[in-house]
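In my numbering, the protein residues as written are -10 to 315.
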Ligand code: CDT
């Protein structure tokens, strides 16, 4: 019997700077209700889903931005999502900014800020947490840019690695192997492979990606932005024989355009469903987890074919070096 799971990619339209969490949460609850009517067992919301993509806004003192972060989960604002998970028997994925206060080892307290995603099961329990590792953009105000991308200012590099859990989702008794990536992570094959090496079957990705690359030193056609996003997820799925639900925040947010195009991808690397608006939109698909098997017993049977003795540079080196002249 096929191992089926009905998943929903819950794309969110723009959330303006002036809009509070209660507006975003109300929209997410409406998508959960719609998902319930359509048989969804797991619904996936984007990166930083509770607020505008605030790393585009500069503040002199980082504490002035602390109101964008969650200090507990669930919080008063997000508790309705956890209640809905129980009421509708639906797991959910949520991206948010996380602020942690912890002992600094010298008797004081240090504040840490992460770009975080969680998987919450249908009992309302957090079963997986991930903190974004690949932080794009810059760490200080850049006067050359029309729109800032200050993730390196607002967040620390995640400290949880790339965990995968086996967890019960939806109507299935046996577990599903789930891993999480956040936005820019999807472009890095190393991140996918670390998940693949833990037999991941389903990778959930939230993203906020601008339609225009302001760092481009040469011309990058707008349609290539979407192509590169899809290419990365499709390659990750194919090369690690897994499914992915990759979900965007879309539309014009505080004057900046995010390209949307949320997708669900199968283990052959094919897009099986895609959002076609810049609005709140739920795209669903009945995935068969057994379709992960083919890649695992053939081309991507890691145990038979990988050659880690030749991959040393992947972990020992960061930037590229020049080859010797011959
Ligand atoms: N949120 C996020 O990671 N966005 C990046 C945009 C990079 S442009 C500085 C992405 O890779 O989609």
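Cβ atoms here follow ideal geometry from the backbone N, Cα and C, with glycine treated the same way. Computed from a prediction, not measured in an experiment: that's the story for all the values here.
{"Check": "Could you tell me the alpha carbon to alpha carbon distance between residue -4 and residue 127, rounded to whole angstroms?", "Outcome": "34 angstroms"}
{"Check": "Who pairs with residue 233 in a beta bridge, going by DSSP?", "Outcome": "192 and 254"}
{"Check": "Between residue 142 and ligand 1, is there a pair consisting of the residue's CB and a ligand heavy atom that are separated by less than 7 angstroms?", "Outcome": "no"}
{"Check": "Cβ atoms of residue 171 and residue 84: under 8 angstroms apart, would you say?", "Outcome": "yes"}
{"Check": "Is the separation between the beta-carbon of residue 119 and that of residue 69 shorter than 8 angstroms?", "Outcome": "no"}
{"Check": "With distances taken Cα to Cα, identify the nearest neighbour of residue 90 among -7, 55 and 290.", "Outcome": "55"}
{"Check": "Is there at least one non-hydrogen atom of ligand 1 closer than 7 angstroms to the beta-carbon of residue 138?", "Outcome": "yes"}
{"Check": "Taking the alpha-carbon of residue 137 as reference, which of 159, 40, 199 and 252 has the nearest alpha-carbon?", "Outcome": "199"}
{"Check": "Hey, out of 158, 188, 242 and 177, whose CA is closest to residue 219's CA?", "Outcome": "177"}
{"Check": "Let me check understanding here. Comparing Cα to Cα, which of 24, 45, 131 and 34 lies closest to residue 246?", "Outcome": "45"}
{"Check": "Just verifying my parser: in three-state terms, what is the DSSP assignment at residue 82?", "Outcome": "strand"}
{"Check": "Would you check if the distance between the CB atom of residue 130 and the CB atom of residue 47 is smaller than 8 angstroms?", "Outcome": "yes"}
{"Check": "Nearer than 7 angstroms: is that true of the beta carbon of residue 119 relative to any heavy atom of ligand 1?", "Outcome": "no"}
{"Check": "The beta strand (DSSP E) with residue 135 in it runs from where to where?", "Outcome": "Neither: residue 135 is in no beta strand (DSSP E) and is coded neither H nor E."}
{"Check": "Residue 258 and residue 226: beta carbons closer than 8 angstroms?", "Outcome": "yes"}
{"Check": "Taking three-plus beta-carbon pairs below 8 angstroms as touching, is the segment 155 to 172 in contact with the segment 97 to 115?", "Outcome": "yes"}
{"Check": "I'd like to check one pair, residue 166 with residue 187: are the Cβ atoms closer than 8 angstroms?", "Outcome": "yes"}
{"Check": "Just to confirm the assignment: which complete beta strand (DSSP E) runs, minimum length 3, are found wholly within the segment 146 to 211?", "Outcome": "153 to 156, 165 to 171 and 191 to 196"}
{"Check": "Could you say which of 132, 182 and 21 lies nearest to residue 290 if we only look at CA atoms?", "Outcome": "182"}
{"Check": "Can you give the beta carbon distance from residue 193 to residue 82, rounded, assuming they're within the 8 angstroms contact cut?", "Outcome": "5 angstroms"}
{"Check": "Using CA atoms only, rank isn't needed, just tell me which of 164, 64 and 13 is closest to residue 238.", "Outcome": "13"}
{"Check": "Considering only DSSP beta bridges, list what residue 104 is partnered with.", "Outcome": "86"}
{"Check": "Could you tell me whether any non-hydrogen atom of ligand 1 is closer than 7 angstroms to the CB of residue 354?", "Outcome": "Absent from the model: residue 354. The displayed extent of the chain is -10 to 315, so no value can be given."}
{"Check": "From 224, 2 and 301, pick the residue whose C-alpha is nearest to that of residue 37; which is it?", "Outcome": "2"}
{"Check": "Exposed or buried, what is residue 92 when buried is set at 16 or more other beta-carbons lying within 10 Å of its beta-carbon?", "Outcome": "exposed"}
{"Check": "Would you call residue 216 buried or exposed, if buried means 16 or more other Cβ atoms sit within 10 Å of its Cβ?", "Outcome": "exposed"}
{"Check": "I'd like to check one pair, residue 112 with residue 352: are the Cβ atoms closer than 8 angstroms?", "Outcome": "Past the edges of the chain, shown from -10 to 315, lies residue 352, and the structure says nothing about it."}
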